[in-house]
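S.K.: Protein chains in written order, with the numbering used here: chain A, 2 to 113; chain B, 2 to 113.
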DNA sequence: TTATTATACATAGTATCACGAGGTATGTCA
DNA sequence: TGACATACCTCGTGATACTATGTATAATAA
């Protein structure tokens, strides 16, 4: 079987940050935990996405020292980011609903 | 807002053929209808996918004349294809369930 | 009659996306 | 001290879906 593509990475990242500020590494761990390891996001996937979100003004980064003495780069969801999250959620529900409708044989999705 | 990528095209194609034999153009129309135009698949997307499915032995093509006198190329789901459909459906449910779990804040997905 | 549209198939080029591989650096623990 | 976990990052590659384009026929409009 082929490898399952990640997809919807932005939605997942935004959703994670919707709850609390997080740093990249933490997001990967959390995503794996919350999805029961269905999502095993790679650094090579997440970091470019975070940088993109930052450039778009959806997240803001700040550095904070961890209890261990190490510096971490935390990401905070901006207002604009929260709107984007809501939009992406809608988009996901629409998408998932449409897939399910097709699988059921086209029982009909709500009109858009 | 960025364009939403199709994704899971194979699943959708297999699912359409799970009901009855169809020809490519018909699949595009049907998919749009059943998904209420959430999916507006392009020929440039579908045909390569169909050819791939054929090469893998998931579908078999045959030509049949339409009432209009025109020739159409119908695709039929093989046994192997039906298995692939079931597998893709499982995969989709797993994926969608995991996304929903993350959106809910990680209420927990069934272990895999 | 002729032009346009809808039907029907197909490929080539392009953009995006996620991954693998690799690099850097620090803290912890045996 | 050396291995491992933590923590960040980039580059190259492959997969996927899109746009654009090409071909051809049937139906319809001008």
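Here a beta-carbon is modelled for each residue, glycine too, at the ideal position from N, C-alpha and C.
(1) For residue 28 of chain A and residue 70 of chain A, what's the separation of their Cα atoms in angstroms?
(2) Considering just the uninterrupted stretch of the beta strand (DSSP E) at residue 35 of chain A, what are its terminal residues?
(3) Give me the Cα-Cα distance between residue 26 of chain B and residue 44 of chain B, rounded to the nearest whole angstrom.
(4) Closer than 8 Å by C-beta to residue 64 of chain B: which residues in its own chain qualify, once you throw out the five before and the five after it? Chain order, please.
(5) Please state whether the Cβ-Cβ distance between residue 32 of chain A and residue 42 of chain A is less than 8 Å.
(6) Can you say whether residue 21 of chain B is buried or exposed, counting buried as having 16 or more other CB atoms within 10 angstroms of its CB?
(7) Give me the residue from B:103, B:85, B:61 and B:104 with the minimum Cα distance to residue 9 of chain B.
(8) Which residues in chain A sit within 7 Å of residue 25 of chain B, going by Cβ to Cβ distance?
(9) Work out the CA separation of residue 15 of chain B and residue 61 of chain B for me, nearest whole Å.
(10) With DSSP collapsed to three states, give me the class of residue 66 of chain B.
(11) Against residue 9 of chain A, what residues of chain B qualify as contacts under a CB-to-CB distance less than 8 Å, listed in chain order?
(12) Measure the CB-CB distance between residue 19 of chain A and residue 104 of chain A and report whether it falls below 8 Å.
(13) Can you tell me which residues form a DSSP beta bridge with residue 77 of chain A?
(14) Ignore the nearest five residues each way along the sequence and tell me which others in residue 50 of chain A's own chain have a CB closer than 7 Å to its CB.
(15) Taking the C-alpha atoms as reference points, what is the distance between residue 36 of chain A and residue 67 of chain B?
(16) Taking only beta-carbon positions, decide if residue 67 of chain A is within less than 8 Å of chain B.
M.R.: Quick answer:
(1) 20 Å
(2) Taken as a continuous stretch (DSSP letters only), residue 35 of chain A belongs to no beta strand (DSSP E), being part of the alpha helix (DSSP H) at 25-35.
(3) 8 Å
(4) 72, 73, 74 and 75
(5) yes
(6) exposed
(7) B:85
(8) Those do not exist, as residue 25 of chain B stays about 16 Å from chain A at its closest Cβ, beyond 7 Å.
(9) 12 Å
(10) strand
(11) 100
(12) no
(13) A:61
(14) 10, 11 and 14
(15) 48 Å
(16) no
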